[in-house]
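Numbering (this note's numbering), first residue to last: 8 to 184. The block underneath contains the structure these notes are about, expressed in structure tokens.
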Ligand SMILES: CC(C)(COP(=O)(O)OP(=O)(O)OC[C@H]1O[C@@H](n2cnc3c(N)ncnc32)[C@H](O)[C@@H]1OP(=O)(O)O)[C@@H](O)C(=O)NCCC(=O)NCCS
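Set out below in structure tokens:
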């Protein structure tokens with residue numbers, strides 16, 4: 008069910024403390040980057056919002072508070088974007104990320120003018136695969152034994168969405184700037 012309090016807005020420097028809280032909220036955030044204190048959180052945000060950054064970073068916000076992130080890392084030469092996302096533990100399971108990812112993917116392929124979006128997820132992270140499908144991505148393959156995690160080799164499923172692919176039905180999250 009849609010929730011009117013979820014919005015998408017640009018990531019800001021002042022989101023650093025919420026980013027730190029999100030990284031502390033679940034051990035599975037460790038694979039999203041090195042953020043375990045305020046200076047690391049500020050560096051993480053600064054890297055994503057720098058004027059010359061290839062990243063299009065959108066905060067998923069509850070009211071004004073960041074609870075998640077959807078980002079497109081742009082390869083301008085090929086008009087491609089690497090698509091990635093995370094949600095703080097307390098805000099998971101509400102369907103917000105599925106809606107936010109679908110909204111940002113549509114924006115990236117229309118307003119932002121990209122031709123192709125790509126993503127990958129470990130096969131033992133099925134929630135991420137569900138997000139990809141909800142956002143209109145098509146599974147393109149499997150990178151076998153790509154990562155070594157806890158002594159085990161883990162396959163990664165890869166997905167793509169082209170501008171010409173049919174958009175999925177979705178309940179858009181308002182993009183407020
Ligand atoms: C992946 C992640 C963003 C999902 O966030 P979320 O708030 O749970 O997402 P939503 O509520 O919008 O949707 C979750 C979907 O995954 C499904 N799901 C959740 N756990 C699942 C599981 N164990 N097996 C299969 N599907 C699962 C849900 O049923 C739902 O799909 P549905 O709407 O079709 O029922 C969140 O778990 C996260 O941030 N994980 C850590 C970072 C990460 O892995 N990012 C992706 C890197 S590739």
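For glycine and all other residues, C-beta sits at the position ideal for the given N, C-alpha and C. No experiment lies behind these values; they were computed from the predicted model shown.
Between the CA atoms of residue j and residue i - distance to the nearest angstrom
i           : j           : result
residue 103 : residue 70  : 13 Å
residue 167 : residue 110 : 16 Å
residue 52  : residue 25  : 11 Å
residue 40  : residue 148 : 25 Å
residue 58  : residue 48  : 18 Å
residue 155 : residue 131 : 13 Å
residue 172 : residue 116 : 10 Å
residue 23  : residue 79  : 19 Å
residue 175 : residue 143 : 5 Å
residue 92  : residue 145 : 17 Å
Cβ-heavy atom distance, residue i to ligand 1, below 6 Å
i           : result
residue 94  : yes
residue 135 : yes
residue 22  : no
residue 132 : yes
residue 164 : no
residue 35  : yes
Per DSSP, the bridge partner or partners of residue i
i           : result
residue 154 : 161
residue 17  : 65
Beta carbon proximity, residue i to chain B, threshold 7 Å
i           : result
residue 128 : The structure shown has no chain B; it contains just one protein chain.
Between the region 117 to 130 and the region 158 to 176, can you find at least three pairs of beta-carbon atoms closer than 8 Å? Segments in contact, yes.
Inside the region 55 to 86 only - beta strand (DSSP E) runs reaching at least 3 residues: If we require 3 residues or more, the beta strand (DSSP E) runs fully inside the region 55 to 86 come out as 62 to 69, 72 to 82.
Complete alpha helix (DSSP H) runs within the region 78 to 127 (minimum length 4 residues, chain order): Listed in chain order, the complete alpha helix (DSSP H) runs (minimum 4 residues) inside the region 78 to 127 are 103 to 116.
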